[in-house]
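Working notes, structure below.
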Amino acid sequence: MRPARCATISASEAESAQWAAVMKSYDVCECGAPLRLMERPTPKPTGTEVLLKVVAAGICHSDLHIWEGYYDLGGGKRLKLSDRGVKLPLTMGHENVGEVVAMGPDASGVKKGAVRLVHPWLGCGECAVCLRGDEQLCRTPASIGVFRSGGYADHLLVPHPRYLFDIGGVAPERAAPLACAGITTYGALKKVGPMLLNEPIVIIGSGGLGLMCLALHRLIGGKGAIVVDIDPVKREAARRAGARAVIDGAAPDAVKQIVEATDGGAWAVIDLVGAAHTVQLALDSIVKGGKLIIVGLFGGGVTVPTPSFPLRAITVQGSYVGSLSEMVELLDLVRRKGMPDLPVSTRPLPAVNEALGELKTGKVVGRLVLTPPG
Ligand SMILES: [Zn+2]
Ligand SMILES: [Zn+2]
1 MRPARCATIS ASEAESAQWA AVMKSYDVCE CGAPLRLMER PTPKPTGTEV
51 LLKVVAAGIC HSDLHIWEGY YDLGGGKRLK LSDRGVKLPL TMGHENVGEV
101 VAMGPDASGV KKGAVRLVHP WLGCGECAVC LRGDEQLCRT PASIGVFRSG
151 GYADHLLVPH PRYLFDIGGV APERAAPLAC AGITTYGALK KVGPMLLNEP
201 IVIIGSGGLG LMCLALHRLI GGKGAIVVDI DPVKREAARR AGARAVIDGA
251 APDAVKQIVE ATDGGAWAVI DLVGAAHTVQ LALDSIVKGG KLIIVGLFGG
301 GVTVPTPSFP LRAITVQGSY VGSLSEMVEL LDLVRRKGMP DLPVSTRPLP
351 AVNEALGELK TGKVVGRLVL TPPG
């Protein structure tokens, strides 16, 4: 293998490059610094591996954390991603759709030319957790775009066809966000349980995940969703997308507003932000017996009096992406009820740094998806 080469080149040079001859990717070489164009020999799939030509790669908010290299634990403490086994240089991108271009001799059930959504939440595949079907919770995760190369590239190697899903006639850039925003919010909605059909829920955060969560909640037949966000533009997006009510999370009476909108307190809050103040807002807004499901990784910390748990009989649960079987369920839901209506804008792959910058400003409504140049 020729060693990977870090090089900064102009967009025009990138456009004129031979994309298929040498595999190109945009990698995190240094935490927080602009991604750099890397060149490597295009991998040849062996065994059960499948090589895809990337046709759409969603940019997820968690990519900002991976890029910066840490999660904020509150109180000045940080969880470094390098301590979790993330190694640089890293090709990020875990929301991918690609066209199958080659496969190893043991890869069955896929054909060249097939366009597939990639389930990225891989584990070791061998431990008890993986064997029971929860690869996303494996102690040695191998998630695509986090622990192994992702889709901010022209090609992507997937270890087994079981991670590939048919998207029917859905446009790749619309299907790509199902791999993270879709399955993550589907996994969180499942944790609410059957009360979802009878009681309104509260969704905190109206970015890509929030709008996806709202759309899936509607597809599932949920009773109604109240969406909380501090940004009026995002609240308006949620209102247009069918939220029963929208509330400014920064309002001094936000708790009161949530309690009123839920007729006495929320049965379930899905916190897609995960900041100290959003978790506190959720804890203050749920009823006895209620559930708080934390998904977002914004960071920070809260202090909860321990008697609150038994006296209010509350459940606080974390939710991390989803399993392969949940991906099957999600795609079945999409086939039966249609694609969740999430606003999607595309950007050419060489503009990845600008796109990450856009997301960081917090002004992106819906999802940005990278597509091949030209
Ligand atoms: Zn993600
Ligand atoms: Zn495992």
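Note that the sequence shown covers residues 1 to 374 in my numbering.
Ideal Cβ positions, reconstructed from N, Cα and C, are used throughout, including at glycine.
Keep in mind that this is a model prediction, so the values were computed, not measured.
Check your understanding: According to DSSP, is Met38 helix, strand or coil?
Key -> strand
Check your understanding: Of all Cβ atoms in chain C, is any one closer than 8 Å to the Cβ of Ala175?
Key -> Of the protein chains in this structure there is only one, and it is not chain C.
**Study point:** Cut-off 6 Å between Cβ atoms - residues of its own chain near Trp67, not counting five sequence neighbours on either side
**Key:** Val28
Review point. Measuring from the CB of Cys180, is there a heavy atom of ligand 1 at a distance below 7 Å?
Key: yes
**Study point:** Coil, strand or helix - Ser25 by DSSP
**Key:** strand
Exercise for review: Excluding the 5 residues preceding and the 5 following Gly85 in the sequence, name in chain order all residues of the same chain whose CB lies nearer than 7 Å to its CB.
Suggested key: Phe147
Review point. Can you name, in chain order, every residue of its own chain whose Cβ lies under 8 Å from the Cβ of Met23, other than the five neighbours on each side?
Key: Glu39, Arg40, Pro41, Thr42, Pro43, Ala153, Asp154, His155
**Study point:** Any 3 or more C-beta pairs closer than 8 Å across the stretch 197-212 and the stretch 223-240
**Key:** yes
Practice item. Identify which residue in Gln257, Gly242, Ile144 has its Cα closest to the Cα of Cys180. Key: Ile144
Practice item. Please look up how many angstroms separate the CB atoms of Val228 and Lys291, rounded, as I've assumed it's under 8 Å. Key: Contact flag wrong, Cβ pair sits at about 16 Å.
Practice item. Using three-state DSSP, classify Lys363 as helix, strand or coil. Key: coil
Review point. Residues in its own chain within less than 8 Å of Ser149 by CB, not counting five upstream and five downstream?
Key: Ser25, Leu90, Thr91, Leu156, Leu157
Point to revise | Below 7 Å from a heavy atom of ligand 2 - residues by beta-carbon | key: Gly123, Cys124, Gly125, Glu126, Cys127, Val129, Cys130, Glu135, Cys138, Arg139, Thr140
Review point. Cβ of His94 within 7 Å of any heavy atom in ligand 1?
Key: yes
**Study point:** Host beta strand (DSSP E) of Asn271 (start-end)
**Key:** The question names Asn, but residue 271 in the sequence shown is Asp. Taken as a continuous stretch (DSSP letters only), the beta strand (DSSP E) holding Asp271 covers 266-271.
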